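Take a look at the structure below.
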Amino acid sequence: MTQTFEELGLNADLLKTLERLSYHEPTPIQQQAIPALLAGEDVLGQAQTGTGKTAAFTLPILNRIDKDGLQTLILTPTRELAQQVSEAVYRYGSHMGIKVLPIYGGSSYDRQIRRLKKGVHVVVGTPGRTLDLIKKRVLDLSGIRFMVFDEADEMLKMGFIEDVEAILSATPKETRQTLLFSATFSREILRLAQQYMRDPIHIEVEAEQVTADNIEQRYYLVNERDKVAALSRILETETRQNTLVFTRTRIGSAELAETLIERGYPAVAIHGDLAQNERERILRRFRDGQLSILVATDVVGRGMDVSDVSHVVNFDIPQLPIEYVHRIGRTGRAGRSGVALTLITPKQRHTMRRIEQFIETRITKTKLPSIEQVKHARDQIFRAELMQHLSTEEFNDADYDLIDSLLTEGFSAEQIVSGMLKMLRKQSTDYPLENIADVFDKPARNKGRSKGRSNGYAGSNGASNGRGNKGGRRKYNDSNMVSVMFNVGRNSGVKPGDVVHTVASTSNIPGSVIGAITIKNEKTFVDVPADHVKRVLENAGRGKIRGKRVSVSLA
718 MTQTFEELGL
728 NADLLKTLER
738 LSYHEPTPIQ
748 QQAIPALLAG
758 EDVLGQAQTG
768 TGKTAAFTLP
778 ILNRIDKDGL
788 QTLILTPTRE
798 LAQQVSEAVY
808 RYGSHMGIKV
818 LPIYGGSSYD
828 RQIRRLKKGV
838 HVVVGTPGRT
848 LDLIKKRVLD
858 LSGIRFMVFD
868 EADEMLKMGF
878 IEDVEAILSA
888 TPKETRQTLL
898 FSATFSREIL
908 RLAQQYMRDP
918 IHIEVEAEQV
928 TADNIEQRYY
938 LVNERDKVAA
948 LSRILETETR
958 QNTLVFTRTR
968 IGSAELAETL
978 IERGYPAVAI
988 HGDLAQNERE
998 RILRRFRDGQ
1008 LSILVATDVV
1018 GRGMDVSDVS
1028 HVVNFDIPQL
1038 PIEYVHRIGR
1048 TGRAGRSGVA
1058 LTLITPKQRH
1068 TMRRIEQFIE
1078 TRITKTKLPS
1088 IEQVKHARDQ
1098 IFRAELMQHL
1108 STEEFNDADY
1118 DLIDSLLTEG
1128 FSAEQIVSGM
1138 LKMLRKQSTD
1148 YPLENIADVF
1158 DKPARNKGRS
1168 KGRSNGYAGS
1178 NGASNGRGNK
1188 GGRRKYNDSN
1198 MVSVMFNVGR
1208 NSGVKPGDVV
1218 HTVASTSNIP
1228 GSVIGAITIK
1238 NEKTFVDVPA
1248 DHVKRVLENA
1258 GRGKIRGKRV
1268 SVSLA
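Sequence positions in the sequence shown follow the working numbering and run 718 to 1272.
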């Protein structure tokens, strides 16, 4: 049964703020984390972007904090996320007089030191700058009561483990409450938890909650050379406001933004090579509606605080499913609906299948808008702009004199209107509109061992096992594959080879016909040909994986 924020035990000031922000119902992670944190427990939370985890740790901390100096340190992997979290702390604590300071590289030491000397209650920082200020003896963590690690997996992947441990050693071990939130739990994270946390409560949000129901997800199959033309058609036919376009690299984001500008679309690239003040200026323009298309990389996009994005477009499909979740989590926020669109090439079908299995949602394959649909969309926009002009502008005497003169010279009213419309159309932006080649919508068979053409199944790390049919590669036929689910996963030590052995031996089918394998913490998803599904469902449950009896069902 869903509880209210009041039932979770939050104070009146916070409840007033949540009501003003239209936060009506706590999310699953908030329902689990807030009571535990209010009770003083250490918490190890596994949650993805978009699940409400920032409020899950911020609200109970603000509920318990007093105004006697620095008491809370929140570490984040990037400056963008530090800004986002600090803004959330400020927003939630607006009725309480809470002072919060974001600290990160690329910003003035002097300004941050002055703010620390004036006194703050919460510091939100990146590990590098936080450790620098500790060494300069201007950041004193001796009074820290709440220590939070946000996006801990990203922090450790970026090589901050030594900084993190040094910062922890500067906080009071016996009196601090430690909170660690991460999308995934690596061995390093579990070691940190064991060493620095006191009997932490483990909270995990189930996979089906990683993407919001109010986000419409679609993908388009295109050839690599046609991706810019395809994106152009999408931008013209979608009813959109602020749009985020994701690329894989910094260079790719800059080049794509430049190409879009040349084609007449108001776009700006934002990536890690830009100075911090330039990024902030671009984000302000984007929030204020001065530009409608932002081309971003994952590192920058993950920490951006933009609440009213209508569309997210994956120009480059992310290699990791979790990055897909992070990207599309930028839309559909605060109860609004959103649209997530992805461009994939024929070679990237399997990456899309892995994403679908990870989020446990089928993403709709959609045809690109035709040239006729684009022209129709242009006509509709032209008509709307014309109607707006006619309804708001008033004719003056000179306008009437011109019309009377043209009528006297023998032009009909229809001719006058037609001539004016043609002049107006010439003034409108004439975007390029190219033909886009059809895609052969059937995976090609591999011959030999061509580099980069492996169709082997991917386990949890995405690596191919290299076994299969005569060519040493596994064949796929997406339309003929059905996904089944086993009730064991990574936490039971399951490996792809274990799954192939059990399915093949119990169901008496060749291991070479088994398709994609995706191993999650408690579940494993396996693609098998449709004509073998019944046999697998009837027999695979009789086997064991890693010594554990398993059950199997349709995914």
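Backbone N, C-alpha and C define an ideal beta-carbon position, used for all residues, glycine too.
All values reported here derive from a predicted model rather than from experimental measurement.
Judged by DSSP in its simplified three-state form, Gly1136 adopts helix. Under the criterion of beta carbons closer than 8 Å, Asp759 and Asp990 do not qualify as touching, at roughly 38 Å. Rounded to whole angstroms, Ala1233 and His1249 show a C-alpha spacing of 15 Å.
The residues Val802 and Ala805, in chain order, have a CB closer than 7 Å to that of Thr771 in the same chain once the five nearest residues on each side in sequence are set aside.
For Thr954, the three-state secondary structure derived from DSSP is helix.
Under the DSSP assignment, Met1198 falls in the beta strand (DSSP E) whose first and last residues are Met1198 to Phe1203.
In this structure, DSSP gives Val945 a helical state, which the three-state scheme calls helix. Just measuring C-alpha positions, the residue of Glu953, Arg796 and Leu948 sitting nearest Asp1033 is Leu948. For a cut-off of 8 Å, the C-beta gap from Val1156 to Leu938 is around 5 Å, short enough to register as a contact. Counting along the chain, no beta strand (DSSP E) covers Asp827; the unbroken alpha helix (DSSP H) around it starts and ends at Tyr826 to Lys835.
Distance from Pro1038 to Arg1071 at the Cβ level is roughly 6 Å; contact confirmed, criterion being Cβ atoms closer than 8 Å. Shown here, Arg935 sits in a strand according to DSSP, grouped into three states. Between the stretch 790-798 and the stretch 859-872 there are three or more C-beta pairs closer than 8 Å, enough to call the two in contact. Within the same chain, Gly1228 and Ile1231 come within 7 Å of Val1217 by CB-CB distance, once the 5 residues on both sides are set aside. Annotation note: the stretch 744-820 contains the following uninterrupted alpha helix (DSSP H) runs of length 4 or greater, listed N- to C-terminal: 745-755, 770-781 and 796-809. DSSP places Glu1126 outside any beta strand (DSSP E), giving it a letter other than H or E. According to the DSSP assignment, Ala729 belongs to the alpha helix (DSSP H) that extends over Ala729 to Arg737.
Look at the beta carbons and you see the stretch 781-790 not touching the stretch 955-970: under three pairs across the two are nearer than 8 Å.
Here DSSP, grouped into helix, strand and coil, assigns Asn1208 to helix. In the assembly as shown, Met1198 is a buried residue. Its beta-carbon has 16 or more other beta-carbons within 10 Å.
For Ser886, the enclosing alpha helix (DSSP H) starts and ends at Ile878 to Ser886.
Counted as a single uninterrupted DSSP element, the stretch harbouring Thr1062 is not any beta strand (DSSP E), since DSSP gives it neither H nor E.
With respect to Glu953, Ala1057 sits apart: the two C-beta atoms are not nearer than 9 Å.
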